[in-house]
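Chemist:
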Amino acid sequence: MGNGSRPGTVVVREIDHEPFEVDGEQYLVRELVWNGIDGRSYEVVRRRDDQVLTEEESFDTYPTDAQIAVALEEHGLDAKMETCKMCQKEILVATARRHDKGWVGTCCWDERLRMTA
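Numbering follows our numbering, with no gaps: position 33 of the sequence shown is 36.
1. What residue range is occupied by the uninterrupted beta strand (DSSP E) comprising E85?
2. Closest to Q29 by CA distance: which of R43, I18 and R49 is it?
3. Per DSSP, which one or two residues make a beta bridge with G105?
4. Determine the direct distance from the alpha carbon of D113 to that of L31, and round the result to whole angstroms.
5. Measure the C-alpha to C-alpha separation of C90 and L80 and round it to an integer number of angstroms.
6. The beta strand (DSSP E) that contains D19, what's its start and end?
7. Under three-state DSSP, which class holds L56?
This is the structure we're talking about:
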């Protein structure tokens with residue numbers, strides 16, 4: 004009954020989060036669910052060929068925009084950063100929304116803002 008592998012050694016599920024575009028190419032954050040443990044890991048992936056950009060080290064929590072930008076820049080991509088006009092956090096333009104002459108990151112974007120965009 005079941006897998007004899009040690010807990011945390013086998014990926015049992017992959018969850019692809021909303022893709023974003025940088026320099027005409029689609030990327031996404033992939034969440035990995037491991038066998039027998041509650042912990043997750045997260046990777047930045049190029050969608051076209053499923054290349055993992057964070058092969059050397061994945062993230063233990065969903066990566067911040069700054070961490071995603073570093074992963075992209077390590078592969079020669081220009082990951083533009085801005086400041087969220089709501090909370091003043093540094094945000095990745097590729098995942099942000101343009102709103103009322105400024106940028107709003109996923110940190111602050113919600114349905115109320117969508118209705119005024």
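C-beta: ideal position from N, C-alpha, C; glycine also. Predicted, not measured: the structure shown is a model, and the values here were computed from it.
Modeler: Walking through what the data contain:
1. Against the sequence shown, residue 85 aligns to sequence position 82. Run containing E85: M84 to T86, per the beta strand (DSSP E) assignment.
2. By 1-based counting over the sequence shown, the position of residue 29 is 26. In this structure, R49 is the residue among R43, I18 and R49 with its C-alpha nearest to the C-alpha of Q29.
3. For the purposes of this step, residue 105 is taken as residue 102 along the sequence shown, with counting starting at 1. Beta-bridge pairing by DSSP links G105 to H102.
4. Residue 31 sits at position 28 when you count from the first residue of the sequence shown. Residue 113 sits at position 110 when you count from the first residue of the sequence shown. Here the C-alpha atom of L31 lies approximately 20 Å from the C-alpha atom of D113.
5. Here residue 90 refers to the residue found at position 87 when the sequence shown is read from its first residue. Here residue 80 refers to the residue found at position 77 when the sequence shown is read from its first residue. Answer to the nearest angstrom: the Cα atoms are 26 Å apart.
6. The residue labelled residue 19 in the question sits at position 16 within the sequence shown. Counted as a single uninterrupted DSSP element, the beta strand (DSSP E) harbouring D19 occupies residues V14 to D19.
7. Within the sequence shown, the letter at position 53 stands for residue 56. Correct three-state label for L56: coil.
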